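Here the structure comes first, spelled out in structure tokens, and everything after it is commentary.
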Amino acid sequence: MTLVIQMLALNLLFILVGILVLQIWLDSKERSTRDQQVIIFITAAFACILCLLYPLQLSDNFIYDFRHTVLWFAGLYGGPAVAIGLLIIIIIARIAIGGLGIVSTIAICSLVVLVVSLFYKKFRSLSSNQRILASITFASLVGFPTIGIIFFFFELPYHTPDIWLGILFVQIIGTGIIAATVEVIQKNFTLKKRLIQIEKLEAVSHLAASISHEVRNPLTTSRGFIQLLFEEERSKQKKEFLRIALDEMDRAELIIRDYLTFAKPAPSKVSEINVKTELLRVIDIVKPLANMNSVKIDSMLFPFRIKGDIAQFQQCFLNIVKNSVEAMPNGGTVEIKVEIQPQHISIVVSDNGIGMSHEQIARLGEPYFSTKTMKGTGLGMMVVYRIVESMKGKIDVKSNVGKGTRFTVRFPRIEEQDSTNKDKEQQIIS
132 MTLVIQMLAL NLLFILVGIL VLQIWLDSKE RSTRDQQVII FITAAFACIL
182 CLLYPLQLSD NFIYDFRHTV LWFAGLYGGP AVAIGLLIII IIARIAIGGL
232 GIVSTIAICS LVVLVVSLFY KKFRSLSSNQ RILASITFAS LVGFPTIGII
282 FFFFELPYHT PDIWLGILFV QIIGTGIIAA TVEVIQKNFT LKKRLIQIEK
332 LEAVSHLAAS ISHEVRNPLT TSRGFIQLLF EEERSKQKKE FLRIALDEMD
382 RAELIIRDYL TFAKPAPSKV SEINVKTELL RVIDIVKPLA NMNSVKIDSM
432 LFPFRIKGDI AQFQQCFLNI VKNSVEAMPN GGTVEIKVEI QPQHISIVVS
482 DNGIGMSHEQ IARLGEPYFS TKTMKGTGLG MMVVYRIVES MKGKIDVKSN
532 VGKGTRFTVR FPRIEEQDST NKDKEQQIIS
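To convert a position in the sequence shown, counted from 1, into my numbering, add 131.
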């Protein structure tokens, strides 16, 4: 029994060290999803090989280890592609080691990959505690059949109940420890990013509040005098220079207004928001700009309701849709649609514009960062993120350079929908 715990604890140590190395690697800088998957695959492959090299030796030809657990976590956090790649590595390594259990390894690991592929998206949507519980449940569901297969199909010298109970106990407890470790690390990583973001936003807020008014007053005075000169000037060339000066002052005024909006947002007036009605208003406001850029706006909207400030909701999607239109200087299509989930309402805004790189996506919502080079301040997206957060929502951005961008904004649903919306919801889900 002691030997069982020692050898499987060593497997557990390999996995935990791999998780820590993975965390250090990912935390060093912002990485694309593909890079993250490659890093997860490499660390998981090393952990699997170490588990196979230092297993619990049940007989001269039969070994038991935590390879299934590594496959489970790598697949769910890295994706089905990582799981399939890892399955190939496990099969090759197991064949190279030889002995009994090669067929059972292929069968059980293939089953794990199948479950991971089917459960991957659902798993990502679960809460932290639910993911830990799901992982422990997996360890139990895999542990019992695996031990049953060993017991009934292989003649091993260790057929005493305490050995099997020890294996099952260590696997379940070990899986719980691994799942809790992964979730704690992810939570700390998210909190660290959030803390950095809050500090940046706080700095911008204080700066905006302290200088905006002082800059605005002389700017207004200067604009007034330039306007007088513009009206009295006869020379076309000088008049053009004055017009440019006025345009630039107007742009400076808009920037200052954005800073003031960000530094001192109006108090929220929470009420029920009809998503369809407010998005149609946003479309009406943006249409003139869209027509100027030869951009078509398509929509598929439904009158579901969420809670929040109507003005802020409009401002949020006005900024998003406006950015989508401006991302297509040569024309294109902006699609706005409402999607329904069991607990959320998703509003998707997509375009086929210039798109963004992974590094640009990672910096969205940061102070002073804009994809419009010299024309933008980055405040528009900062306001968007702030509004969505205040409404307890989440933003997901996917983009490819040269292909377009897709914004998905999720808000919590109102539990009670009127009968019309319930019927509409059933039609959409079906």
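Cβ atoms here follow ideal geometry from the backbone N, Cα and C, with glycine treated the same way.
Note that the structure is a prediction, hence the values are computed from the model and not measured.
Report back the beta-carbon spacing between residue i and residue j to the nearest angstrom; my notes put them in contact at under 8 Å.
i: residue 232; j: residue 194; result: 7 Å
i: residue 432; j: residue 410; result: 6 Å
i: residue 471; j: residue 435; result: 7 Å
i: residue 383; j: residue 350; result: 6 Å
i: residue 576; j: residue 361; result: Absent from the model: residue 576. The displayed extent of the chain is 132 to 561, so no value can be given.
i: residue 406; j: residue 476; result: 6 Å
i: residue 202; j: residue 145; result: Contact flag wrong, Cβ pair sits at about 14 Å.
i: residue 438; j: residue 545; result: 6 Å
i: residue 478; j: residue 465; result: Not confirmed; about 13 Å, so no contact.
i: residue 176; j: residue 217; result: 6 Å
i: residue 426; j: residue 462; result: 6 Å
Does the beta-carbon of residue i have 16 or more other beta-carbons within 10 angstroms, so that it is buried, or is it exposed?
i: residue 457; result: buried
i: residue 513; result: buried
i: residue 443; result: buried
i: residue 186; result: buried
i: residue 320; result: exposed
i: residue 440; result: buried
i: residue 365; result: exposed
i: residue 207; result: buried
i: residue 212; result: exposed
i: residue 530; result: buried
i: residue 505; result: Unreliable placement is indicated for residue 505, whose pLDDT of 49 sits below 50; the coordinate value is still reported in the next sentence. The residue is exposed, with fewer than 16 neighbouring Cβ atoms inside 10 Å.
i: residue 164; result: exposed
i: residue 258; result: exposed
i: residue 348; result: exposed
i: residue 155; result: exposed
i: residue 446; result: buried
i: residue 423; result: exposed
i: residue 455; result: buried
i: residue 200; result: buried
i: residue 327; result: exposed
i: residue 139; result: buried
i: residue 142; result: buried
i: residue 524; result: buried
i: residue 519; result: buried
i: residue 236; result: buried
i: residue 268; result: exposed
i: residue 172; result: buried
i: residue 495; result: buried
i: residue 325; result: exposed
i: residue 408; result: exposed
i: residue 230; result: exposed
In the structure shown, what three-state DSSP assignment does residue i receive?
i: residue 431; result: strand
i: residue 187; result: strand
i: residue 166; result: helix
i: residue 471; result: strand
i: residue 364; result: coil
i: residue 225; result: helix
i: residue 558; result: Unreliable placement is indicated for residue 558, whose pLDDT of 46 sits below 50; the coordinate value is still reported in the next sentence. Three-state DSSP puts residue 558 in a helix.
i: residue 158; result: helix
i: residue 275; result: helix
i: residue 526; result: strand
i: residue 215; result: helix
i: residue 325; result: helix
i: residue 544; result: coil
i: residue 463; result: strand
i: residue 182; result: helix
i: residue 485; result: coil
i: residue 302; result: helix
Over the uninterrupted alpha helix (DSSP H) stretch that includes residue i, give me the two end residues.
i: residue 532; result: It is not in any alpha helix (DSSP H) - residue 532 carries neither H nor E in the DSSP assignment.
i: residue 416; result: 406-423
i: residue 437; result: It is not in any alpha helix (DSSP H) - residue 437 instead sits in the beta strand (DSSP E) that spans 436-440.
i: residue 563; result: Here the chain has residues from 132 to 561 only, and residue 563 is not among them.
i: residue 494; result: 489-494
i: residue 206; result: 198-209
- Message: Measuring CB atoms only, is the segment 300-310 touching the segment 241-256, in the sense that at least three cross pairs come out at less than 8 Å?
- Response: no
- Do the segment 223-231 and the segment 155-174 touch if we need at least three Cβ pairs shorter than 8 Å? no
- Contact between the segment 477-497 and the segment 527-547 (3+ Cβ pairs under 8 Å): yes
- Hey, is the segment 256-268 in contact with the segment 305-316, meaning 3+ C-beta pairs nearer than 8 Å? yes
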